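Colleague:
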Amino acid sequence: MCRSRQSRWIPAFAGTTKLCVTGLLLSFFLVACSSRTDNREVVTFWAMGYEAEVVAQLIPEFERQNPGVRVDLQQLPWLSAHEKLLTAFAGESLPDVSPIGNTWIPEFVALGALDPLDEEIAATRGFDVADYFPGVWDSGVVDGRVHAVPWYVETRLPFYRTDLLAEAGVTTQPRTWNEWLAAMTAVKREVGPDRYAILLPLNEFEPLLSLAIQQPEPLLRDGGRYGNFRSASFKRALGFYKEMFDRKLAPVVTNNQISNVWDEFGKGFYSYYISGPWNIAKFKERLPPAQQGDWMTMPLPGPDGPGASLANGTSFVVFGQSRHKAAAWKLIAYLSTPQIQAQFHALTGDLPPRRSPWKTPALANDPYAKAFREQLERAVPTPKVPEWERIAQEMRVIGEEVANGRMDVDQAAAELDRRADRFLEKRRWMLEQAAEAGAP
Amino acid sequence: MKPSIAGWMFAAPALTVIGLFFGLPVIAALALSLTDFDIYALADPHNLRFVGIDNYVGLLQNPLFWKTLGNTLYFVVVGVPLSAALSLGAALLLHSKLGRLKPFFRTAFFAPVVTTVVAVAVIWRYLFHTKYGLVNWGLSSFGIDPVDWLGDPHWAMPTIILFAVWKNFGYNMIIFLAGLQSIPEDLYEAARIDGAGTWKQFRHVTLPMLGPVLLLVGILTMAGYFQLFAEPYVMTQGGPLESTKSVLYLMYEEGFKWWNLGNASAVAFLLFVLMVATTSGLLWFARRKGVE
Numbered sequence: 021m022c023r024s025r026q027s028r029w030i031p032a033f034a035g036t037t038k039l040c041v042t043g044l045l046l047s048f049f050l051v052a053c054s055s056r057t058d059n060r061e062v063v064t065f066w067a068m069g070y071e072a073e074v075v076a077q078l079i080p081e082f083e084r085q086n087p088g089v090r091v092d093l094q095q096l097p098w099l100s101a102h103e104k105l106l107t108a109f110a111g112e113s114l115p116d117v118s119p120i121g122n123t124w125i126p127e128f129v130a131l132g133a134l135d136p137l138d139e140e141i142a143a144t145r146g147f148d149v150a151d152y153f154p155g156v157w158d159s160g161v162v163d164g165r166v167h168a169v170p171w172y173v174e175t176r177l178p179f180y181r182t183d184l185l186a187e188a189g190v191t192t193q194p195r196t197w198n199e200w201l202a203a204m205t206a207v208k209r210e211v212g213p214d215r216y217a218i219l220l221p222l223n224e225f226e227p228l229l230s231l232a233i234q235q236p237e238p239l240l241r242d243g244g245r246y247g248n249f250r251s252a253s254f255k256r257a258l259g260f261y262k263e264m265f266d267r268k269l270a271p272v273v274t275n276n277q278i279s280n281v282w283d284e285f286g287k288g289f290y291s292y293y294i295s296g297p298w299n300i301a302k303f304k305e306r307l308p309p310a311q312q313g314d315w316m317t318m319p320l321p322g323p324d325g326p327g328a329s330l331a332n333g334t335s336f337v338v339f340g341q342s343r344h345k346a347a348a349w350k351l352i353a354y355l356s357t358p359q360i361q362a363q364f365h366a367l368t369g370d371l372p373p374r375r376s377p378w379k380t381p382a383l384a385n386d387p388y389a390k391a392f393r394e395q396l397e398r399a400v401p402t403p404k405v406p407e408w409e410r411i412a413q414e415m416r417v418i419g420e421e422v423a424n425g426r427m428d429v430d431q432a433a434a435e436l437d438r439r440a441d442r443f444l445e446k447r448r449w450m451l452e453q454a455a456e457a458g459a460p
Numbered sequence: 016m017k018p019s020i021a022g023w024m025f026a027a028p029a030l031t032v033i034g035l036f037f038g039l040p041v042i043a044a045l046a047l048s049l050t051d052f053d054i055y056a057l058a059d060p061h062n063l064r065f066v067g068i069d070n071y072v073g074l075l076q077n078p079l080f081w082k083t084l085g086n087t088l089y090f091v092v093v094g095v096p097l098s099a100a101l102s103l104g105a106a107l108l109l110h111s112k113l114g115r116l117k118p119f120f121r122t123a124f125f126a127p128v129v130t131t132v133v134a135v136a137v138i139w140r141y142l143f144h145t146k147y148g149l150v151n152w153g154l155s156s157f158g159i160d161p162v163d164w165l166g167d168p169h170w171a172m173p174t175i176i177l178f179a180v181w182k183n184f185g186y187n188m189i190i191f192l193a194g195l196q197s198i199p200e201d202l203y204e205a206a207r208i209d210g211a212g213t214w215k216q217f218r219h220v221t222l223p224m225l226g227p228v229l230l231l232v233g234i235l236t237m238a239g240y241f242q243l244f245a246e247p248y249v250m251t252q253g254g255p256l257e258s259t260k261s262v263l264y265l266m267y268e269e270g271f272k273w274w275n276l277g278n279a280s281a282v283a284f285l286l287f288v289l290m291v292a293t294t295s296g297l298l299w300f301a302r303r304k305g306v307e
């Protein structure tokens, strides 16, 4: 390929013999180069963010174990990853394998972009599905088929200030919403009007969603055809959320106005902060040494005792357009082995989605990870419809209105249902079409 | 006949490029706005529905569209005159014979134009921070209570306007400066002989002579300001309570976040119609005033 370009080059510029010789020499080198390319099968692997940098260290070992496969790793920034994947789908230039956000899985299944992995999983010796946290594993299962294998997992739970809680007289860890509310009220009484008990950033939907998902009734009804936000369940969660703002336990702010969440946590602007596992490393890094003994993580209190939580994170998928599925699966199987997962945790701090790597000392003895370990057993996936992310964003918008006192719980629930039903209109039409096609 | 054919021949390359890279995409976008193109349609063209003007009707019934339109108009109506006035003021100061250190100020005023929006917006976010920002600290020395600049729905848009005006008044200033320099000095001389003071000179010589330049600046700035996007995207993400979400921001979210390209195209066309209408209105006004 390179040589042909060279030969087109030469006639145009071959005015002097000197150039001709240079051209010949060049083409000689190109021939020499092209004969050196190996015959290994190339698996293209797109990964995002910091994990993409780190996973590069694990790949040489994979290539050593599988001499016939070469991994072509490409790094994407998270911010544009979704867009790039969709564009690549439209342009039929998707990679063979990629870890995608758990909430994107239903969307790519709807596109028909993913290949189910059930057969590969069954055929792989030692691939223990039961070892995975059930809710986390389930987020990759759409319509009864496995489309994704979890890579690392995140769930949201409260980080809290042990010293401030002790000062406020909170000695037992709250396990229910009522106990938690009592604890927060005690903190608020202690810290006064200028500081707060909890931070629920209004630019994130996760805090409200984490509470809503603990409820028994599903967030969408009729197989994801309609919103189910007027249910007593959701109203209860929204009511609890509203109460925290109404009683001035939480400031009405977004992360933009906080500008440095770790610093403000250290200053005691709030004593509870619902966030994800990446903040373990951040708090260790950002808080001064004198304060390192003053914070801890705890499982998210539920309506009537320890409840469910989100099963976010990323999962490996193999794209249907891939022509190297077997090799791509080998890479997934390799990165999913408990040893590699433990190693990956050591490198990144990301939490493994299966139980056995949690037995390694690094994780088993980490006091901050303990609450996550407990909560992952109870993690549940969000509704598996492609429109979910958009509905969740509207949940954030409506939550902000509620926090500002511009809507009450009933109005907010009705409005959220109205918006969700509008987003799901196309999905209802699609399901009807499919039903009609299937009926005769 | 012949000269006209030759003319077309000369224009042909440019016309082809315009047709291919402007005309065709616009027609395609118009067609797209009449469908409900989304990710389902991306997966299988059979999932594409022709919806006629439903996207437009839906938008006109969507409170969020009206809210973003209101925000955008607020930005344009306050921002454009403010930007024009500020740049004209700066240009007059720089043009004045009394001015000192002109090259320095010319550069300093123009500097924000060449900075990157994102980088500067981050700095502005710190300046306008409620607790630690320089602005509130300055105000506190006058005994004014801290203002939640970017977090209060009433203050967020004024802050964005301030930022946008600061960011681009230098550009218009250069245009005005060029306009001022092209006004013949003898006009002022004649005005002075007739006994006109500084204000009267400005009112009856400078402003009329600057008419075309004012029109140009007005149209350019308005077209730019209608497409408000980067400033709220970086500083507030459209919040708080969607008080800084612009029409273009809505289009971006519909199109590139949620992949409803049909809807996004409809938003783009409504914005286009609005911009054409206001620009024509401005031109009509200018023509009536005798400025061309």
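Sequence order for the protein chains is A and B. Mapping of the first sequence onto this note's numbering: residues 21 to 460, in sequence order. Mapping of the second sequence onto this note's numbering: residues 16 to 307, in sequence order. We put the CB at the ideal spot given by N, CA and C, even for glycine. Please read all numbers here as calculations on a predicted model, not as lab measurements.
1. In the DSSP output, which residue or residues are listed as bridge partners for residue 169 of chain A?
2. Out of A:162, A:186 and A:396, which has the shortest C-alpha to C-alpha gap to residue 327 of chain A?
3. What are the boundary residues of the beta strand (DSSP E) that includes residue 326 of chain A?
4. Please name the residue or residues paired with residue 95 of chain A in a DSSP beta bridge.
5. Counting only the same chain and skipping the five closest in sequence on each side, list residues whose C-beta sits under 7 Å from that of residue 98 of chain A.
6. Across the stretch 408-426 of chain A and the stretch 227-237 of chain A, are there enough close Cβ pairs to call them in contact, namely three or more that are closer than 8 Å?
7. With a threshold of 8 Å on Cβ separation, who are the neighbours of residue 141 of chain A within its own chain once the five nearest residues in sequence on each side are excluded?
8. I need the boundaries of the alpha helix (DSSP H) containing residue 282 of chain A, first residue and last residue.
9. Just verifying my parser: in three-state terms, what is the DSSP assignment at residue 445 of chain A?
10. Considering Cα atoms alone, identify which of A:239, A:303 and A:219 is closest to residue 278 of chain A.
11. Between residue 54 of chain B and chain A, is there a C-beta pair that is closer than 8 Å?
12. In the stretch 271-290 of chain A, which residues sit with their C-beta less than 7 Å from some C-beta in chain B, listed in chain order?
13. Leaving out five residues on either side along the sequence, give the residues of the same chain with a beta carbon under 7 Å from the beta carbon of residue 211 of chain B.
14. From what residue to what residue does the beta strand (DSSP E) around residue 181 of chain A run?
15. Helix or strand or just coil, what does DSSP make of residue 117 of chain A?
16. So, at 8 Å on beta carbons, what are the nonlocal neighbours of residue 21 of chain B in its own chain, with the 5 sequence-adjacent residues on each side left out?
17. What residue range is occupied by the uninterrupted alpha helix (DSSP H) comprising residue 141 of chain A?
18. Consider the C-beta atom of residue 149 of chain B and the heavy atoms of the ligand HEM; say whether any pair is separated by less than 7 Å.
19. What's the call for residue 30 of chain B, buried or exposed, on a 16-neighbour Cβ count within 10 Å?
20. Is the beta carbon of residue 87 of chain B closer than 8 Å to that of residue 175 of chain B?
21. Report the neighbours of residue 144 of chain B on chain A: residues whose CB is nearer than 8 Å to its CB, in chain order.
22. Near residue 110 of chain B, which residues of its chain fall below 8 Å by C-beta distance, leaving aside the five closest residues on each side in sequence?
23. Do you know whose CA, among A:243, A:234 and A:85, lies nearest residue 163 of chain A's CA?
24. Within the stretch 214-250 of chain B, note down every full alpha helix (DSSP H) run reaching 4 residues or more, in order along the chain.
25. Among A:174, A:157, A:200 and A:211, which residue has its Cα nearest to the Cα of residue 183 of chain A?
26. Kindly confirm or deny that the stretch 438-455 of chain A and the stretch 274-293 of chain A touch, where touching means at least three C-beta pairs closer than 8 Å.
27. Using beta-carbon positions only, say whether residue 62 of chain A and residue 338 of chain A come within less than 8 Å of one another.
28. Determine the extent of the beta strand (DSSP E) in which residue 317 of chain A is found, giving its start and end residues.
29. When the Cβ atoms of the stretch 56-75 of chain B are set against those of the stretch 122-140 of chain A, are three or more pairs found closer than 8 Å?
30. Closer than 9 Å, Cβ to Cβ, to anything on chain A: give me those residues from the stretch 241-274 of chain B, in chain order.
31. For residue 24 of chain B, is the classification buried or exposed, using 16 other Cβ atoms within 10 angstroms of its Cβ as the cut-off for buried?
32. Please return the same chain residues whose Cβ sits closer than 7 Å to the Cβ of residue 84 of chain B, not counting the five positions on each side in sequence.
33. Does residue 264 of chain A have its Cβ less than 8 Å from a Cβ in chain B?
34. Distance cutoff 8 Å, beta carbons only. Does residue 140 of chain A sit that close to anything in chain B?
35. Among residues of its own chain, excluding the 5 on either side of residue 49 of chain A, which ones have a beta-carbon nearer than 6 Å to its beta-carbon?
36. For residue 97 of chain A, decide whether its Cβ has a neighbour in chain B, counting only Cβ atoms nearer than 8 Å.
Modeller: With the structure as the only source:
1. Mapped onto the first sequence, residue 169 of chain A falls at position 149. Per DSSP, A:336.
2. Translated into positions along the first sequence, residue 327 of chain A becomes position 307. Closest by alpha carbon: A:396.
3. Taking the first sequence and counting its residues from 1, the one referred to as residue 326 of chain A is at position 306. Neither: residue 326 of chain A is in no beta strand (DSSP E) and is coded neither H nor E.
4. Locating residue 95 of chain A in the first sequence gives position 75, counting from the first residue. In DSSP, residue 95 of chain A forms a bridge with A:67.
5. For the purposes of this step, residue 98 of chain A is taken as the residue at position 78 of the first sequence. Counting only Cβ-Cβ distances below 7 Å, and skipping sequence neighbours, we find 68 and 69.
6. yes
7. Here the question's residue 141 of chain A lines up with position 121 in the first sequence. Excluding residues within five positions, the ones whose Cβ falls inside 8 Å are 147, 149, 166 and 169.
8. As a first step, residue 282 of chain A is located in the first sequence; it is residue number 262 there, counting from the start. 281-287 is the extent of the alpha helix (DSSP H) around residue 282 of chain A.
9. Counted from its first residue, the first sequence places residue 445 of chain A at position 425. Residue 445 of chain A: helix per DSSP, three-state reduction.
10. If you number the first sequence from 1, residue 278 of chain A lands on position 258. The option with the nearest alpha carbon to residue 278 of chain A is A:219.
11. Against the second sequence, residue 54 of chain B aligns to sequence position 39. It does; some Cβ of chain A falls within 8 Å.
12. 273, 274, 276, 277 and 279
13. Your numbering for residue 211 of chain B matches position 196 in the second sequence. Counting only Cβ-Cβ distances below 7 Å, and skipping sequence neighbours, we find 219.
14. Counted from its first residue, the first sequence places residue 181 of chain A at position 161. Here the beta strand (DSSP E) through residue 181 of chain A covers 177-181.
15. Sequence index remark: in the first sequence, residue 117 of chain A carries index 97 (1-based). Strand.
16. As a position in the second sequence, residue 21 of chain B is number 6, starting the count at 1. Cβ within range, chain order: n/a, list empty.
17. Counting from one through the first sequence, the residue named residue 141 of chain A turns up at place 121. Here the alpha helix (DSSP H) through residue 141 of chain A covers 138-143.
18. The ligand content of the structure shown is nil, which means the ligand HEM is not present either.
19. Position 15 of the second sequence, counted from the first residue, corresponds to residue 30 of chain B. Looking at its Cβ environment, which holds fewer than 16 other Cβ atoms inside 10 Å, residue 30 of chain B is exposed.
20. By 1-based counting over the second sequence, the position of residue 175 of chain B is 160. By 1-based counting over the second sequence, the position of residue 87 of chain B is 72. No, these two residues do not count as a Cβ contact at 8 Å.
21. Along the second sequence, read from residue 1 onward, the residue named residue 144 of chain B stands at position 129. 277 and 279, listed in chain order.
22. For this step, residue 110 of chain B is matched to residue 95 along the second sequence. The residues are 192, 195 and 196.
23. For the purposes of this step, residue 163 of chain A is identified with residue 143 of the first sequence, where counting begins at 1. Ranking A:243, A:234 and A:85 by Cα distance to residue 163 of chain A puts A:243 first.
24. Listed in chain order, they are 222-241 and 245-250.
25. Counting from 1 along the first sequence, the entry for residue 183 of chain A is found at position 163. Out of A:174, A:157, A:200 and A:211, A:211 has the C-alpha closest to the C-alpha of residue 183 of chain A.
26. no
27. Counted from its first residue, the first sequence places residue 62 of chain A at position 42. Counted from its first residue, the first sequence places residue 338 of chain A at position 318. No; because the gap between Cβ atoms is not below 8 Å, this pair is not in contact.
28. The residue labelled residue 317 of chain A in the question sits at position 297 within the first sequence. Taken as a continuous stretch (DSSP letters only), the beta strand (DSSP E) holding residue 317 of chain A covers 315-317.
29. yes
30. Those would be 250, 251, 252, 254, 255, 256, 257, 268, 271, 272, 273 and 274, in chain order.
31. Position 9 of the second sequence, counted from the start, is the residue given in the question as residue 24 of chain B. By the C-beta density criterion, residue 24 of chain B is exposed, having fewer than 16 other C-beta atoms within 10 angstroms.
32. Residue mapping note: residue 84 of chain B aligns to position 69 of the second sequence, counting from 1. The beta carbon of residue 84 of chain B lies closer than 7 Å to those of 262 in the same chain, with the five residues before and after it left out.
33. Within the first sequence, numbered from 1, the residue matching residue 264 of chain A stands at position 244. So no, residue 264 of chain A is outside the interface.
34. Mapped onto the first sequence, residue 140 of chain A falls at position 120. Answer no: the Cβ-Cβ gap between residue 140 of chain A and chain B never drops below 8 Å.
35. Working through the first sequence from its first residue, we reach residue 49 of chain A at position 29. Here residue 49 of chain A scores only 49 on pLDDT, less than 50, and its place in the model should not be relied on; the value that follows carries that caveat. Cβ neighbours of residue 49 of chain A beyond the five flanking positions: none.
36. Residue 97 of chain A sits at position 77 when you count from the first residue of the first sequence. No, its Cβ sits nowhere closer than 8 Å to a Cβ of chain B.
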